[in-house]
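Colleague:
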Amino acid sequence: MWQVTGHETLVALLDNSLKGGNLSHAYLLVGPPHVGKMTLALNLAQALNCQGDQKPCGTCTSCQRIAGLRHADIQVIGLDGRAEIGIDQIREMERSVTLKPFEGRNRVFIIDGAEHLSTEAANCLLKTLEEPPPNVQLMLLAANERLLLPTVRSRCQKLELTPLPIPIVERALIEHWKAAPEQ
């Protein structure tokens, strides 16, 4: 079951693309901080590697390991306290991209804060965006897509996540996280 709250249209699009076998090799998830970009990316990684019947089931070993960021075929690349995502991080990812999946069916690379890619790192990423190996999914997460190179943006399918209305957030807090209504 997809764990994303309030972005049902995007979930339906990804779910239908997955079931129809026409998933894009690269998605650019755009939206302000804390709107669900990472949750959506991890849910797609779960759906791609789920061992259950209803993908993502959230309960199989693969889904659990992905949720805990302990799956061998899922890699999250981010700032890690740096000012930018550097070329060394992307080169390391590029080496991993060529490997076959080890634990699941697909390898998924999530670049969190993709707008912070250095120019060299973004140019290095273009090769994989242009010629992705089979069973590799790229997810670029960005708060400000305009800071990405146009060549990177043009090679990804853009999915825009917008802030949720307060009543939807309140309902999710009560239903999923057991918050008291008066909080």
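Position in the sequence shown counted from 1, then plus 89, gives you our numbering.
For every residue, glycine included, the Cβ atom is placed at its ideal position computed from N, Cα and C.
Note that the structure is predicted; figures quoted are calculated from it, not measured.
1. What runs of the alpha helix (DSSP H), each 4 residues or longer, lie entirely inside the segment 94-175?
2. Under the DSSP definition of a beta bridge, which residues are partnered with residue 201?
3. Would you list the one or two residues that DSSP bridges to residue 246?
4. Mark residue 189 as exposed unless 16 or more other C-beta atoms lie within 10 angstroms of its C-beta, in which case mark it buried.
5. Would you mind stating whether residue 283 and residue 133 have Cβ atoms separated by less than 8 angstroms?
6. Which residue wins for smallest C-alpha separation from residue 227, given the options 235, 241 and 121?
7. Under the rule that 16 or more other beta-carbon atoms within 10 Å means buried, what is residue 136, buried or exposed?
8. What residues in its chain sit with their C-beta under 8 angstroms from that of residue 237, if we drop five residues either side in the sequence?
9. Using a threshold of 8 angstroms, state whether the C-beta atoms of residue 193 and residue 160 are closer than that.
10. Ordered along the chain, which non-local residues of its own chain (more than five positions away) have a Cβ less than 7 angstroms from that of residue 233?
11. Would you kindly work out how many angstroms separate the C-alpha atoms of residue 155 and residue 163, rounded to a whole number?
12. Buried or exposed for residue 123, going by 16 or more other Cβ atoms inside 10 Å?
13. So, is residue 120 buried or exposed, given that buried needs 16 or more other C-beta atoms within 10 angstroms?
14. Does DSSP put residue 194 in a helix, a strand or coil?
15. Specify the secondary structure class of residue 206 as computed by DSSP and reduced to three states.
16. Is residue 172 buried or exposed, if buried means 16 or more other CB atoms sit within 10 Å of its CB?
17. Contact between the segment 250-269 and the segment 90-104 is defined here as three or more beta-carbon pairs at a separation below 8 angstroms; is this criterion met?
18. Per DSSP, which residues does residue 225 bridge with? Please list them.
Modeller: In short, the structure shows the following:
1. 97-109, 126-138 and 150-156
2. Counting from 1 along the sequence shown, the entry for residue 201 is found at position 112. Answer by DSSP bridge pairing, in chain order: 230.
3. Your numbering for residue 246 matches position 157 in the sequence shown. DSSP, once it has assigned bridges, lists 116 as partnering residue 246.
4. Residue 189 sits at position 100 when you count from the first residue of the sequence shown. When all chains shown are included, residue 189 counts as exposed.
5. An answer regarding residue 283 cannot be provided, because it is not within the stretch 90 to 272 covered by the chain.
6. The residue given as residue 227 occupies position 138 in the sequence shown. Closest option to residue 227, Cα to Cα, is 241.
7. Numbered from 1 along the sequence shown, position 47 holds the residue referred to as residue 136. Burial call: buried.
8. Indexing the sequence shown from 1 puts residue 237 at position 148. Excluding sequence neighbours, residue 237 sits near 117, 203, 204, 206, 211, 229 and 231.
9. Reading the sequence shown from its first residue, position 104 is the one you call residue 193. Reading the sequence shown from its first residue, position 71 is the one you call residue 160. Their beta carbons are under 8 angstroms apart, which means residue 193 touches residue 160 by this criterion.
10. Translated into positions along the sequence shown, residue 233 becomes position 144. Cβ within range, chain order: 204.
11. Position 66 of the sequence shown, counting from 1, holds the residue named residue 155. Position 74 of the sequence shown, counting from 1, holds the residue named residue 163. Residue 155 and residue 163: Cα-Cα distance of roughly 7 angstroms.
12. Here residue 123 is taken as the residue at index 34 of the sequence shown, counted from 1. Label assigned to residue 123: exposed.
13. For the purposes of this step, residue 120 is identified with residue 31 of the sequence shown, where counting begins at 1. Buried, by the Cβ-count rule.
14. In the sequence shown, residue 194 corresponds to position 105, counting from 1. In this structure, residue 194 counts as coil in the three-state DSSP scheme.
15. Position 117 of the sequence shown, counted from the start, is the residue given in the question as residue 206. Strand, per DSSP.
16. Within the sequence shown, residue 172 is the residue found at index 83, counting from 1. That one is exposed.
17. yes
18. The count along the sequence shown starts at 1 and reaches residue 225 at position 136. Paired residue(s): 196.
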